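> Take this structure, written in structure tokens, and hold onto it; I'll ask about it next.
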Amino acid sequence: MESIGVEGEYEKLKAIFLPFITPSHLVPVVDIARIFAIHGVDVTIITTPANAAVFQSSIDRDSSRGRSIRTHLVKLPHVPGLPEGVETINATTSKDTGGKLFEALNKTIQTQFQQLFHQYKPDFLVSDMFYTWSVDAAAELGIPRLIYVGGTYFAHCAMDSLERFEPHKKVESDDESFLIPGLPYNMEMTRSQIPQRFKKPDDPFSYLMKMVKESEKRSYGSLFKSFYAFEGAYEELYRKIMGTKSWNVGPISSWVNQDASDKGSRGHGKEVEEGKGKVGWLAWLNSKQKGSVVYVCFGSMNNFSATQITEIAHGLEDCGHDFIWVVRKIDEDESRALVEEFEKRVEASKKGYLIWGWAPQLLILDHPAVGGVVTHCGMNTVIETVDAGLPMVTWPLFAEQFFNERLLVDVLKIAVPVGATEWKSWSEFGDEIVEREKIAKAISLLMGGEECEELRRRVKALSEEAKKAIQIGGSSYNSLKDVIQEMNSLKLEKLNKPVT
Ligand code: UDP
Numbered sequence: 001m002e003s004i005g006v007e008g009e010y011e012k013l014k015a016i017f018l019p020f021i022t023p024s025h026l027v028p029v030v031d032i033a034r035i036f037a038i039h040g041v042d043v044t045i046i047t048t049p050a051n052a053a054v055f056q057s058s059i060d061r062d063s064s065r066g067r068s069i070r071t072h073l074v075k076l077p078h079v080p081g082l083p084e085g086v087e088t089i090n091a092t093t094s095k096d097t098g099g100k101l102f103e104a105l106n107k108t109i110q111t112q113f114q115q116l117f118h119q120y121k122p123d124f125l126v127s128d129m130f131y132t133w134s135v136d137a138a139a140e141l142g143i144p145r146l147i148y149v150g151g152t153y154f155a156h157c158a159m160d161s162l163e164r165f166e167p168h169k170k171v172e173s174d175d176e177s178f179l180i181p182g183l184p185y186n187m188e189m190t191r192s193q194i195p196q197r198f199k200k201p202d203d204p205f206s207y208l209m210k211m212v213k214e215s216e217k218r219s220y221g222s223l224f225k226s227f228y229a230f231e232g233a234y235e236e237l238y239r240k241i242m243g244t245k246s247w248n249v250g251p252i253s254s255w256v257n258q259d260a261s262d263k264g265s266r267g268h269g270k271e272v273e274e275g276k277g278k279v280g281w282l283a284w285l286n287s288k289q290k291g292s293v294v295y296v297c298f299g300s301m302n303n304f305s306a307t308q309i310t311e312i313a314h315g316l317e318d319c320g321h322d323f324i325w326v327v328r329k330i331d332e333d334e335s336r337a338l339v340e341e342f343e344k345r346v347e348a349s350k351k352g353y354l355i356w357g358w359a360p361q362l363l364i365l366d367h368p369a370v371g372g373v374v375t376h377c378g379m380n381t382v383i384e385t386v387d388a389g390l391p392m393v394t395w396p397l398f399a400e401q402f403f404n405e406r407l408l409v410d411v412l413k414i415a416v417p418v419g420a421t422e423w424k425s426w427s428e429f430g431d432e433i434v435e436r437e438k439i440a441k442a443i444s445l446l447m448g449g450e451e452c453e454e455l456r457r458r459v460k461a462l463s464e465e466a467k468k469a470i471q472i473g474g475s476s477y478n479s480l481k482d483v484i485q486e487m488n489s490l491k492l493e494k495l496n497k498p499v500t
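For the sequence shown, the UniProt record's numbering assigns the number 1 to the initial residue and increments by one for each residue that follows.
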């Protein structure tokens, strides 16, 4: 086991990690916890049984590799109206259930935190942004709190500018573009592309996000899955506007999940490849030529209407390239029947392969047959795709994804936009339908167009930088080393403080 030695160290540095209960917050925070354990920190992850089931096999493997890491389970109380065992917020969770879960989870962990602190005696806390109370809890206990906020530095800088200067209030219509001031490049957006919370500052989620930002500013620092070559200028700007420290630990997924069992089991429960056996996708990809397949996945929280699903299906059939399409659970009979019919057709012609539920994304992105990705611009997928050296078609949907799209398309120039114009909540279909022609056109440009050769070259170069970042002496490696040393120094300072 690799360990970072610190002069005067006589006991392992200990940390508690509090991941949130949506897949795209749980997966990276657990990955971050594991990288700290790889680098010699004693790690305890606090979560509920159903969430632990998603990642426990990785923790068991890490433990058997000699790392000091464990999961501490907290049981949620019975909440009236919540079905037993429902502990995760995902694409199929209603707003009402999500709200109840959020409240129950916060209350449970918050009330047990003192006892957890006495049991594990952490030297620092790494908290997901949604546990806003933990900034005060850590302060009371005299330990530093690091926050995981998700998203790119780029998006955080743009959202800060929206809050400060409110340029979206100075345009007349939702589709009139405006400049987001204070950024290193002239970023233009429309009101229909920015998150709801900037337009409805008084609704409960907007209030929660204000609390998150306030707790972010009061934290000791932030952890990002980014790396310097990806958005260094925005990393520096973020520190300036937030007035806090931050450290990069990305690309985290390839750093931590280095073998196929880690990559294959990451982030999934029992949804994997319903009815197709474990490695149907692998046999299919193995039969394809290098770089010929486009991988289409909209993350863990997407919801599409039957009309939009029909357009995606036709767009894929018309794009002229082979594809893998990850389809979330579909409740409506109409959409499900439609996709099943489509699946039969494209699997018979060998043009396409559908994965229902959870795809082993890291393994798929690594496969040589994959030549491009259609993504909703979720930060995790963006970094994983850049790391794999694959260009993207961007189709942002919700959260900070429209900002990420600008970074990929305008700043880094490694993606082709599908042309989505409307931000929607993850739990809603929204009004916009992206038509099949736009989908097919963007994919064929990405996969075959000569005009995209430069773009493909740029993403390969960035992938090299991503790989260098996590090697010994690389920017993210040094950043992880720095934060661990800083936590160690704070611990030693505390131990050496004379008792008054
Ligand atoms: N993911 C996966 N298989 C899936 C869907 C998602 O492994 O079928 C992983 C993906 O690799 C990424 C995360 O889940 O790490 C999704 O996070 P992202 O930020 O891309 O999107 P979100 O789920 O927040 O919309």
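Yeah, the Cβ is synthetic: ideal placement off N, Cα and C, and Gly gets one too. Predicted model, so just to flag it, every value in this text is computed and none were measured.
Got a sec: does the ligand UDP put a non-hydrogen atom nearer than 6 Å to the Cβ of N51?
The residue given as residue 51 occupies position 51 in the sequence shown. No; taking the cut-off as 6 Å, the Cβ of N51 has no heavy atom of the ligand UDP nearer than that.
> Could you pull out every residue in the same chain whose Cβ sits closer than 6 Å to the Cβ of R70, ignoring the five residues on either side in sequence?
Translated into positions along the sequence shown, residue 70 becomes position 70. Only T44 meet the Cβ criterion.
> Let me know if G8 comes out buried or exposed under the rule of 16 or more other beta-carbons within 10 Å of its beta-carbon.
Along the sequence shown, read from residue 1 onward, the residue named residue 8 stands at position 8. Here the model assigns G8 a pLDDT of 45, short of 50, so the residue's position is not dependable and the matter cannot be decided.
> Can we say the segment 456-475 touches the segment 104-117, given the rule of at least three CB pairs closer than 8 Å?
Touching, no.
> Specify the secondary structure class of G264 as computed by DSSP and reduced to three states.
In the sequence shown, counting from the first residue as 1, residue 264 sits at position 264. Helix at G264.
> Please check the pair residue 524 and I443, which I expect to be a contact at CB under 8 Å, by giving their CB distance rounded to whole angstroms.
No answer is possible for residue 524: it lies beyond the span of the chain, which begins at 1 and ends at 500.
> Could you tell me the alpha carbon to alpha carbon distance between E273 and V256, rounded to whole angstroms?
Stepping through the sequence shown from its first residue, residue 273 is reached at position 273. Stepping through the sequence shown from its first residue, residue 256 is reached at position 256. Any reading at E273 is ruled out, since the residue's pLDDT is 49, under 50, leaving its predicted position unreliable.
> Could you tell me which residues DSSP pairs with L73 in its beta bridges?
Walking along the sequence shown from the start, residue 73 turns up at place 73. According to DSSP, which records beta bridges pairwise, L73 is partnered with T47.
> Quick check: what's the CA-CA separation for G150 versus L397?
The sequence position of residue 150 within the sequence shown is 150, counting from 1. The sequence position of residue 397 within the sequence shown is 397, counting from 1. Spanning the two alpha carbons is a distance of roughly 16 Å.
> Using the rule of at least 16 other Cβ atoms within 10 Å of the residue's Cβ for burial, across every protein chain shown, is E451 buried or exposed?
For this step, residue 451 is matched to residue 451 along the sequence shown. Looking at its Cβ environment, which holds fewer than 16 other Cβ atoms inside 10 Å, E451 is exposed.
> Could you tell me the alpha carbon to alpha carbon distance between I252 and G232, rounded to whole angstroms?
For this step, residue 252 is matched to residue 252 along the sequence shown. For this step, residue 232 is matched to residue 232 along the sequence shown. Whole-angstrom Cα-Cα distance: 17 Å.
> Count the other CB atoms, across all protein chains shown, that sit within 10 Å of the CB of I21; report buried if there are 16 or more and exposed otherwise.
Along the sequence shown, one-based indexing puts residue 21 at 21. I21 is buried by the Cβ-count criterion.
> In three-state terms, what does DSSP make of L412?
Here the question's residue 412 lines up with position 412 in the sequence shown. Coil.
> Looking at P122 and K14, is the spacing between their C-beta atoms short of 7 Å?
In the sequence shown, residue 14 corresponds to position 14, counting from 1. In the sequence shown, residue 122 corresponds to position 122, counting from 1. Result yes, Cβ atoms of K14 and P122 sit closer than 7 Å.
> Which runs of the beta strand (DSSP E) fall wholly inside the segment 351-382 and span at least 3 residues, in chain order?
List check, beta strand (DSSP E) in window: 352-356, 370-375.
> Assuming I324 is part of the beta strand (DSSP E), what are its boundary residues?
Here residue 324 refers to the residue found at position 324 when the sequence shown is read from its first residue. Run containing I324: 322-327, per the beta strand (DSSP E) assignment.
> Quick one: which unbroken alpha helix (DSSP H) runs of 4-plus residues sit fully inside the segment 178-220? Chain order, please.
Complete alpha helix (DSSP H) runs here, min 4: 204-217.
> How long is the line joining the alpha carbons of K210 and D160, rounded to whole angstroms?
Here residue 210 is taken as the residue at index 210 of the sequence shown, counted from 1. Here residue 160 is taken as the residue at index 160 of the sequence shown, counted from 1. Rounded to the nearest angstrom, the two C-alpha atoms are 11 Å apart.
> Flag M301 as yes when its Cβ comes closer than 6 Å to any non-hydrogen atom of the ligand UDP, and as no otherwise.
Stepping through the sequence shown from its first residue, residue 301 is reached at position 301. Yes, the Cβ of M301 comes within 6 Å of a heavy atom of the ligand UDP.
> What residue does the alpha helix (DSSP H) around S68 start on, and which one ends it?
By 1-based counting over the sequence shown, the position of residue 68 is 68. No alpha helix (DSSP H) holds S68; DSSP gives it neither H nor E.
> Start and end of the alpha helix (DSSP H) containing C157?
Position 157 of the sequence shown, counted from the first residue, corresponds to residue 157. Segment 153-165, the alpha helix (DSSP H) holding C157.
> Report the partner residues of A337 according to the DSSP bridge assignment.
On the sequence shown, position 337 is the one that residue 337 refers to. A337 pairs with nothing; no bridge assigned.
> Helix or strand or just coil, what does DSSP make of S444?
Counting from 1 along the sequence shown, the entry for residue 444 is found at position 444. In the structure shown, S444 sits in a helix (DSSP, three-state: H, G or I).
> What separation, rounded to the nearest whole angstrom, lies between the Cα atoms of L490 and R239?
Here residue 490 is taken as the residue at index 490 of the sequence shown, counted from 1. Here residue 239 is taken as the residue at index 239 of the sequence shown, counted from 1. If I take the Cα positions, the gap works out to 21 Å.
> Compute the beta-carbon to beta-carbon distance between A50 and T88, rounded to the nearest angstrom, for a pair I have assumed lies under 8 Å.
For this step, residue 50 is matched to residue 50 along the sequence shown. For this step, residue 88 is matched to residue 88 along the sequence shown. Correct: roughly 6 Å between the Cβ atoms.
> Would you decide whether I16 is buried or exposed? Buried here means 16 or more other CB atoms lie within 10 Å of its CB.
Position 16 of the sequence shown, counted from the start, is the residue given in the question as residue 16. I16 should be labelled buried.
> Going by CA-CA distance only, name the one from D333, L316, E332 that's closest to W325.
Counting from one through the sequence shown, the residue named residue 325 turns up at place 325. The candidate whose alpha carbon is nearest that of W325 is L316.
> With DSSP as the reference, identify every bridge partner of V294, one or two as the case may be.
By 1-based counting over the sequence shown, the position of residue 294 is 294. DSSP output for V294 lists F323, G372 as bridge partner(s).
> In terms of residues, what are the limits of the beta strand (DSSP E) holding S246?
One-based indexing of the sequence shown puts residue 246 at position 246. Its beta strand (DSSP E) spans residues 245-248.
> Below 6 Å, is the gap between the Cβ of M209 and the nearest heavy atom of the ligand UDP?
Translated into positions along the sequence shown, residue 209 becomes position 209. Checking every heavy atom of the ligand UDP against the Cβ of M209, none is found closer than 6 Å.
> Should D202 and T190 be called a contact, given that it needs their Cβ atoms to be closer than 7 Å?
Here the question's residue 202 lines up with position 202 in the sequence shown. Here the question's residue 190 lines up with position 190 in the sequence shown. No, Cβ-Cβ distance for D202 and T190 is not below 7 Å.
> Confirm, please, whether the CB-CB distance from N380 to S24 is below 7 Å.
Against the sequence shown, residue 24 aligns to sequence position 24. Against the sequence shown, residue 380 aligns to sequence position 380. Cβ distance < 7 Å, so S24 and N380 count as in contact.
> Among V296, G66, G419, A415, which has the Cα closest to the Cα of E437?
Residue mapping note: residue 437 aligns to position 437 of the sequence shown, counting from 1. When each option's Cα is compared against that of E437, the closest is G419.
> Taking 8 Å as the threshold, find out whether the segment 127-142 comes into contact with the segment 213-231 through three or more Cβ pairs.
Segments in contact, yes.
> Can you give me the start and stop residues for the beta strand (DSSP E) that A15 sits inside?
Here the question's residue 15 lines up with position 15 in the sequence shown. Per DSSP, A15 belongs to the beta strand (DSSP E) from 14-18.
> Give every residue of the same chain whose Cβ lies closer than 7 Å to the Cβ of D318, excluding the five residues on either side of it in the sequence, and list them in chain order.
Sequence index remark: in the sequence shown, residue 318 carries index 318 (1-based). If we look at D318 and ignore the five residues flanking it on each side, its Cβ neighbours are R436, A440.
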